[in-house]
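Notes follow once the structure below has been shown.
8 protein chains.
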Amino acid sequence: MDMTGFRDVLERVRRGEWSVDEGLRALGKLSAEDLGYARIDHHRALRKGFAEVVYCEGKTPEQAAAILERLARHGTNVLGTRAQPRVAELLKERVPDCEYDEVARAVVIRRGPRRQIGDVLVLCAGTSDLPVAREALITAELMGAKAELLVDVGVAGIHRLLSQVDRLYQARVLVVVAGMEGALVSVVAGLVDKPVIGVPTSVGYGAQLHGLTPLLGMLTSCAPGVAVVNIDNGFGAGYLAGLINAMGES
Amino acid sequence: MDMTGFRDVLERVRRGEWSVDEGLRALGKLSAEDLGYARIDHHRALRKGFAEVVYCEGKTPEQAAAILERLARHGTNVLGTRAQPRVAELLKERVPDCEYDEVARAVVIRRGPRRQIGDVLVLCAGTSDLPVAREALITAELMGAKAELLVDVGVAGIHRLLSQVDRLYQARVLVVVAGMEGALVSVVAGLVDKPVIGVPTSVGYGAQLHGLTPLLGMLTSCAPGVAVVNIDNGFGAGYLAGLINAMGES
Amino acid sequence: MDMTGFRDVLERVRRGEWSVDEGLRALGKLSAEDLGYARIDHHRALRKGFAEVVYCEGKTPEQAAAILERLARHGTNVLGTRAQPRVAELLKERVPDCEYDEVARAVVIRRGPRRQIGDVLVLCAGTSDLPVAREALITAELMGAKAELLVDVGVAGIHRLLSQVDRLYQARVLVVVAGMEGALVSVVAGLVDKPVIGVPTSVGYGAQLHGLTPLLGMLTSCAPGVAVVNIDNGFGAGYLAGLINAMGES
Amino acid sequence: MDMTGFRDVLERVRRGEWSVDEGLRALGKLSAEDLGYARIDHHRALRKGFAEVVYCEGKTPEQAAAILERLARHGTNVLGTRAQPRVAELLKERVPDCEYDEVARAVVIRRGPRRQIGDVLVLCAGTSDLPVAREALITAELMGAKAELLVDVGVAGIHRLLSQVDRLYQARVLVVVAGMEGALVSVVAGLVDKPVIGVPTSVGYGAQLHGLTPLLGMLTSCAPGVAVVNIDNGFGAGYLAGLINAMGES
Amino acid sequence: MDMTGFRDVLERVRRGEWSVDEGLRALGKLSAEDLGYARIDHHRALRKGFAEVVYCEGKTPEQAAAILERLARHGTNVLGTRAQPRVAELLKERVPDCEYDEVARAVVIRRGPRRQIGDVLVLCAGTSDLPVAREALITAELMGAKAELLVDVGVAGIHRLLSQVDRLYQARVLVVVAGMEGALVSVVAGLVDKPVIGVPTSVGYGAQLHGLTPLLGMLTSCAPGVAVVNIDNGFGAGYLAGLINAMGES
Amino acid sequence: MDMTGFRDVLERVRRGEWSVDEGLRALGKLSAEDLGYARIDHHRALRKGFAEVVYCEGKTPEQAAAILERLARHGTNVLGTRAQPRVAELLKERVPDCEYDEVARAVVIRRGPRRQIGDVLVLCAGTSDLPVAREALITAELMGAKAELLVDVGVAGIHRLLSQVDRLYQARVLVVVAGMEGALVSVVAGLVDKPVIGVPTSVGYGAQLHGLTPLLGMLTSCAPGVAVVNIDNGFGAGYLAGLINAMGES
Amino acid sequence: MDMTGFRDVLERVRRGEWSVDEGLRALGKLSAEDLGYARIDHHRALRKGFAEVVYCEGKTPEQAAAILERLARHGTNVLGTRAQPRVAELLKERVPDCEYDEVARAVVIRRGPRRQIGDVLVLCAGTSDLPVAREALITAELMGAKAELLVDVGVAGIHRLLSQVDRLYQARVLVVVAGMEGALVSVVAGLVDKPVIGVPTSVGYGAQLHGLTPLLGMLTSCAPGVAVVNIDNGFGAGYLAGLINAMGES
Amino acid sequence: MDMTGFRDVLERVRRGEWSVDEGLRALGKLSAEDLGYARIDHHRALRKGFAEVVYCEGKTPEQAAAILERLARHGTNVLGTRAQPRVAELLKERVPDCEYDEVARAVVIRRGPRRQIGDVLVLCAGTSDLPVAREALITAELMGAKAELLVDVGVAGIHRLLSQVDRLYQARVLVVVAGMEGALVSVVAGLVDKPVIGVPTSVGYGAQLHGLTPLLGMLTSCAPGVAVVNIDNGFGAGYLAGLINAMGES
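Protein chains in written order, with this note's numbering: chain A, 150 to 399; chain B, 150 to 399; chain C, 150 to 399; chain D, 150 to 399; chain E, 150 to 399; chain F, 150 to 399; chain G, 150 to 399; chain H, 150 to 399.
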């Protein structure tokens with residue numbers, strides 16, 4: 150709670166400037182307002198080192214670029230997800246050092262220091278899942294994690310995954326991005342003893358039901374230690390992986 | 150087509166017993182009827198060596214036992230699926246050499262010779278899927294296949310499956326029975342180059358949706374060479390595996 | 150398992166070049182790596198005579214054409230599925246003998262010998278299902294099968310199907326491609342005693358649910374001997390049919 | 150419309166007993182009330198020869214029997230659907246000539262003359278669908294139709310259906326009761342040129358989805374001339390078949 | 150059954166040109182082929198007065214126009230459903246007397262006599278459902294029915310429907326086309342004692358689920374005498390209504 | 150906000166008993182606690198005249214009765230929903246004046262005054278929907294509403310509903326309880342200009358989908374002025390109707 | 150009921166111009182017709198102060214503008230929902246004082262007096278839900294309500310909502326517009342004792358299922374006093390809120 | 150990898166007891182077997198302090214008790230989930246110090262030391278969700294976590310949750326168990342910056358869809374930092390929470 154306002158009231162009452170009733174009224178007003186600001190401050194304190202995030206889909210490139218630029222002025226990292234190339238073009242004119250990842254469709258403006266703690270490992274089977282996987286990767290990195298992406302480790306060619314078993318053992322948190330039936334999550338979670346975050350993707354057709362099939366499959370995985378985020382939600386997985394990864398540092 | 154009836158008409162016409170018009174009327178009648186019998190004969194010829202099948206669910210034990218006994222009199226193998234123990238008890242009184250598999254809930258009356266050709270391999274992850282897996286096994290065996298069941302080869306402990314890779318390579322057809330998310334199908338189909346029949350089971354809860362989740366997952370498997378039968382349909386998988394297995398003999 | 154690496158370790162240990170501990174470390178490293186390569190070799194050996202496959206949807210024509218061309222250099226057959234005409238145009242410039250099937254939207258580069266063993270019969274009711282049916286046909290052919298396509302044999306005019314009954318009996322494997330309610334699968338599987346692969350298509354509207362209705366219908370078919378692949382998955386059906394068909398040759 | 154009340158008003162106005170305003174008030178009151186009775190009368194006139202219907206499920210046997218008995222006193226036919234045997238037992242004590250169909254779970258009290266016009270043909274594949282099929286049969290009969298039930302004409306053994314083609318051609322309306330995938334509807338509707346009413350049943354398991362699969366399949370049937378009623382709704386199909394059948398008499 | 154071929158065989162056998170065995174072989178061949186033609190002839194006989202139908206969606210305007218023109222040469226009525234205006238433009242160049250209904254998106258070429266028997270009444274609530282309603286109307290008309298369309302009789306303003314009650318009573322068959330929740334079907338079926346065919350439309354949004362909501366609602370209607378066709382299937386409803394309407398003539 | 154605690158802090162600070170820092174700590178503690186109590190008080194004030202509610206399903210009769218008894222001691226009205234008869238039996242022993250509605254499965258202990266303001270009208274089609282309808286009725290009554298239940302006003306016999314139009318016009322709020330397809334809501338909302346609360350029930354079978362069908366139908370109703378609560382949620386509808394009804398009094 | 154016509158009949162009968170039978174026939178005809186007009190008048194009387202509404206989606210801009218203009222001539226308020234900017238452009242040429250809200254995509258022509266009674270509060274979490282929220286706001290205003298929109302009060306930052314608690318308490322009716330999982334409805338309904346109307350929106354992706362997820366969530370809300378309208382149905386919510394709000398005035 | 154076997158082979162080869170070829174054969178055999186044991190050992194090392202788990206549902210009490218007893222002999226902790234009271238009774242006879250949690254239906258046999266590191270906080274709204282919440286609690290405790298359960302903090306009375314905000318801030322990982330619409334997850338995740346694991350429960354009825362509604366809602370939560378496990382899967386949530394919690398210790 151922001152104690153400045155409250156202290157001010159108490160001091161005025163103590164000094165006799167305000168009656169107890171006047172103090173009560175002021176407290177009532179503060180109580181509601183400060184609760185809000187308290188929360189914001191609290192958040193800011195905890196999220197130190199992370200970025201403001203803007204979901205660009207459904208905004209015009211002009212709107213998205215304007216919001217991203219304004220946030221960047223506060224000196225924090227800024228992440229724009231699901232941004233068309235045009236957003237980056239517009240932003241570059243005003244924020245020349247912004248970065249754009251075409252595959253992830255993500256814009257990044259780095260203003261804070263780049264930390265690389267822990268070890269977040271993002272896995273996916275192939276190129277179709279890359280946009281979601283890279284969004285997870287970039288998000289985890291912005292949260293201060295050392296993060297790496299392993300591609301081409303699908304279940305249909307299990308040997309490629311198994312030849313990376315040692316790499317899997319090293320990771321602190323694993324993000325498994327998988328379309329089709331999403332079986333990769335079960336296999337990975339059966340191999341490691343670390344938290345596994347499953348991200349179903351909408352890659353597939355017919356009975357894949359736009360990602361519902363791997364979503365349901367991951368939720369009923371026969372391997373323990375798995376939790377799941379929304380279809381194609383690379384950002385959510387990367388954010389949660391970043392949170393968990395950071396715990397290993399305390 | 151049963152040519153006896155047709156020949157009779159032609160001969161009567163040739164002998165002048167019937168006019169052409171009388172012959173035409175007779176042919177019209179035969180044409181429809183014989184088509185039916187032709188088909189039945191044809192079936193019987195092809196299904197040689199296999200059994201008559203009775204789905205016992207929804208019948209009283211008395212009804213089921215009576216039907217099974219009657220079929221056994223024709224000297225063919227008889228298979229009763231989803232049969233309660235009471236069906237077997239009643240049947241034993243009249244057909245003492247009938248066999249009952251408690252796990253598969255299957256009654257078998259063997260009347261034909263026991264062949265053991267080819268190699269059908271049925272896999273499942275654990276004891277919960279056993280009823281369905283054993284139903285597939287027994288069905289394939291009745292169709293003349295050498296059939297074997299590998300249990301405890303789930304995806305969450307992939308090493309147990311991999312330690313059996315050589316066994317997988319030997320099989321002519323594989324039936325993969327899997328509940329939960331059904332990921333075992335994708336891993337197995339990625340390892341072998343033989344037909345894989347996926348059987349989703351209703352084992353699981355919540356988002357498993359009574360078997361819909363592994364059903365959808367198997368259909369969208371990232372590995373080729375897979376086809377799927379209905380939830381808990383061990384009989385269907387064993388029958389199809391038996392058909393395919395028999396082809397390797399010709 | 151690729152024993153060359155393992156033998157080398159054993160020989161070095163035997164010759165005293167390496168201590169037992171050095172040998173152990175080398176084995177540990179080999180164990181993981183070789184497992185992978187073993188699988189790849191194995192696959193290559195078994196899949197002999199078949200093609201590399203590229204799913205072109207979701208790739209730019211330029212990307213698709215480049216991948217297809219690169220694969221063709223290895224001297225194997227190459228199949229590109231769901232390829233727009235532009236892919237074929239681009240590919241023709243560099244691989245003049247590539248073939249394009251407009252209906253199936255499939256590109257084929259033939260580098261291996263053309264075999265025509267067995268008998269795969271693909272059936273569909275009408276022109277709307279043709280793209281999927283032809284994809285199945287081309288895939289089965291590339292796997293070395295003699296394959297034929299019967300069109301216009303829908304359930305609503307059952308006489309057209311029945312007039313082909315003899316043709317159905319000859320087939321070793323049948324692929325039934327059906328949209329709408331998919332009833333053709335049940336009728337065909339009731340007529341033959343050979344494996345039937347059902348391919349539901351998304352042809353239809355409203356309660357057809359983009360193919361879910363025939364998918365569910367085929368899975369609950371009252372006729373045995375049927376298994377099902379994903380909606381519109383002509384490739385998967387053709388591949389599996391090719392596998393089964395090849396078994397009749399051994 | 151029940152003109153008695155209205156006539157009375159007009160006559161009082163004509164005779165000068167009531168002023169026009171008094172007449173208007175009386176008409177306003179009558180208008181609402183009579184509308185109701187008018188409808189009932191109208192219905193009664195049209196439904197001549199048919200029965201009052203009671204859906205017994207969810208009622209205690211005592212309640213169901215009491216309602217059925219009370220209706221029978223009006224001298225019309227009475228039909229109780231989904232009635233347990235206990236309902237019939239109780240009813241027999243008071244209405245000794247009531248009939249109970251165990252398979253259809255239907256109680257019938259005949260009070261009107263038994264007509265047998267037209268030709269309603271009810272088809273089903275096997276014993277599992279019999280309860281629904283017989284409910285349709287009994288309902289159509291009560292509506293005055295000559296009605297017949299053809300059992301064992303499923304799609305998996307199409308020859309049995311085809312050997313009855315002449316019988317199908319004779320029917321005025323066809324009711325096709327089918328569980329599993331419901332393909333029988335498409336085949337029958339492809340053979341005849343008469344109205345076909347599809348009744349999906351909940352017979353099946355897994356992907357049959359308690360009847361949703363044949364329901365959706367029948368709705369997307371590739372054959373024209375079909376309309377569908379709710380799952381297991383034998384009464385609805387029989388009632389509609391009775392209505393259509395009766396039209397052929399006018 | 151096409152008796153010409155069969156008669157020819159019998160006559161050759163009678164004349165001694167062919168032996169009985171030669172006759173048998175010829176009959177076997179004819180039996181399969183003729184079955185097909187028999188069915189077609191049979192259909193043609195029954196469908197007298199109706200049209201050939203082409204579903205134009207998914208065909209190019211050029212393809213659709215060419216098929217329609219070819220059929221028109223046979224001298225039967227021709228109906229093209231879901232046809233874009235361009236189809237009609239192209240067709241007009243070659244078949245100047247073809248008619249195009251923009252709302253129903255239907256092309257009609259009349260070659261048979263125009264009959265107007267019975268009374269098919271098509272109802273819908275508003276302009277959004279008109280395309281489907283008019284498709285039903287045109288189809289029923291082509292089948293020889295006197296058919297009429299009542300618009301603006303939705304449930305939300307029940308008085309407009311009730312003011313047409315007498316019109317409803319006159320109809321022989323009623324087609325109720327309704328989007329949103331489809332409640333109109335229940336109200337209409339409660340008012341009349343004639344067959345009611347429900348056609349759910351995809352008009353609506355959100356929980357309307359592209360027509361699934363009125364489809365399910367119509368199937369569970371509390372009023373008897375209703376059967377349902379697929380979402381937006383005006384043709385199917387009109388065809389079935391035409392069949393039923395024609396029965397009143399016999 | 151409960152100002153007593155805050156005032157105490159301010160007075161202690163003013164009197165110099167506490168330092169400003171001590172005051173701040175006390176305020177921090179109060180702030181959280183009081184927020185809670187404030188809300189509770191606020192609720193109590195507003196809900197004056199209404200009852201505590203206990204959802205008895207999933208509790209043993211003993212547990213349910215004990216909770217109900219304890220609440221009754223506070224002198225407020227108490228409502229127990231979905232209570233088996235045994236709950237009432239047990240409760241009667243200790244709270245002899247409790248009332249039990251068998252149809253609604255509701256227990257009521259009245260401790261506050263019985264008000265009967267406004268006019269809540271609950272409608273349902275038949276006896277099957279009565280449990281839900283009476284639950285709504287009792288709840289609205291406990292909230293101080295004059296409430297009435299109209300039964301037997303289904304859509305299939307629209308005249309019975311129309312003969313009650315004047316009664317509908319008088320109501321301040323209408324609760325429409327409907328199973329099957331739920332069409333009654335649309336008709337009622339088309340007749341009145343008052344808020345209509347739709348309550349879908351699970352009465353029906355097959356495509357009724359345990360109440361999902363009327364739920365979806367009510368949500369897509371073509372008549373404005375409707376909002377919907379959960380399936381079988383008579384309590385929720387009665388509570389909301391009570392809230393709205395009470396507004397007409399201010 | 151329109152008594153003019155009825156009076157005329159009675160007077161003619163009284164004067165002896167018509168016999169009683171002639172009167173009866175005339176009454177029968179009037180009865181149906183007048184019922185309709187009666188309802189329309191009744192509606193008009195009750196909806197006083199509100200607008201005619203046109204749903205513009207699915208109409209061409211020209212059609213929509215023409216309908217809106219014609220309605221405006223009657224001197225009532227007119228509301229066009231889901232109108233593209235082009236509709237407003239066209240309308241402005243003929244009705245220069247029409248207003249267009251780009252966010253809500255709503256056209257308003259004010260002809261009646263602007264009342265501002267009661268207090269309808271519309272809440273939403275963010276800019277994505279604004280189109281639906283503003284549609285609700287504008288509709289409620291047109292119905293004579295004082296209406297206000299609170300934006301940026303989502304559940305993920307609960308302090309912003311809590312800092313507005315006093316504002317929430319003042320409202321007479323609350324409309325909560327929420328996409329994603331729709332949790333805002335439960336929190337708001339837990340805070341207030343006034344009717345809460347939930348409007349799920351289609352904002353979100355993947356498991357949000359185009360709005361089905363918040364729709365289902367709102368329906369199962371753990372807080373009482375909530376009812377729900379269709380996905381994205383801002384108009385429906387605003388209309389119902391206006392009805393309820395107006396009740397507080399009587 | 151278990152190097153004992155491998156070392157033995159190398160030493161035999163080095164000593165000349167085995168030829169290189171004999172060594173190769175031995176390695177081949179070991180490679181497969183040891184891979185398995187390696188994994189098991191690896192797991193055992195990591196899972197130190199945790200228990201063997203038995204899912205008792207679907208097993209007879211006798212079977213479940215026997216398996217639990219046998220595992221307990223290995224000296225590790227043992228957890229039996231979804232165990233009926235009878236399982237505990239039987240087990241008590243042989244393992245007198247086993248504990249049974251009636252609410253969670255969990256049997257625990259403690260053999261390892263009880264550690265209490267970190268801080269796992271489990272929240273749920275009410276008594277209905279307790280079985281799932283306590284299962285999560287017990288699981289996390291067995292994994293060595295200090296774990297606490299906060300009950301009665303539902304969204305409908307948000308003040309109770311807010312009064313616990315400080316407690317929420319202290320937790321390292323939060324498990325939120327919620328039935329109905331599951332909104333609690335979004336509110337909690339909006340308040341804290343720690344990983345939140347959502348566990349939807351099947352508590353509710355109608356549109357709650359046996360837990361699918363809160364499952365979908367949690368997946369689309371507007372608050373970041375959330376991942377979800379299967380419906381009613383308290384064990385899965387507790388296990389994952391235990392894994393994450395343990396990371397804070399390293």
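A virtual CB, placed ideally from N, CA and C, is assigned to each residue, including glycine.
Contact between the region 250–270 of chain E and the region 301–309 of chain F is absent: fewer than 3 CB-CB pairs across the two stretches fall below 8 Å. The region 193–250 of chain C is shown to contain whole alpha helix (DSSP H) runs of 4 or more residues at 210–221, 234–243, in chain order. Using a Cβ-Cβ cut-off of 8 Å, residue 300(G) does not count as an interface residue toward chain H, since no Cβ of chain H sits closer than that to its own. Burial is judged here by how many other beta carbons sit within 10 angstroms of a residue's own beta carbon; residue 330(G) has at least 16 and is buried. Under the DSSP assignment, residue 307(B) falls in the alpha helix (DSSP H) whose first and last residues are 307–311. Counting along the chain, the unbroken alpha helix (DSSP H) around residue 284(D) starts and ends at 279–291. The count of Cβ pairs closer than 8 Å, one atom from the region 332–347 of chain A and one from the region 368–381 of chain A, reaches three, so the stretches are in contact.
At a cut-off of 8 Å between beta-carbon atoms, residue 166(D) makes no contact with chain G. Per DSSP, the beta-bridge partners of residue 258(F) are 227(F).
Proximity of chain C to residue 362(D) at the Cβ level (cut-off 7 Å) is accounted for by 365, 366, 369, in chain order. Across the set 273(E), 252(E), 217(E), the C-alpha of 217(E) shows the shortest separation from the C-alpha of residue 239(E). Under a criterion of Cβ atoms nearer than 8 Å, no residue of chain D is adjacent to residue 351(F); the nearest Cβ is some 11 Å distant.
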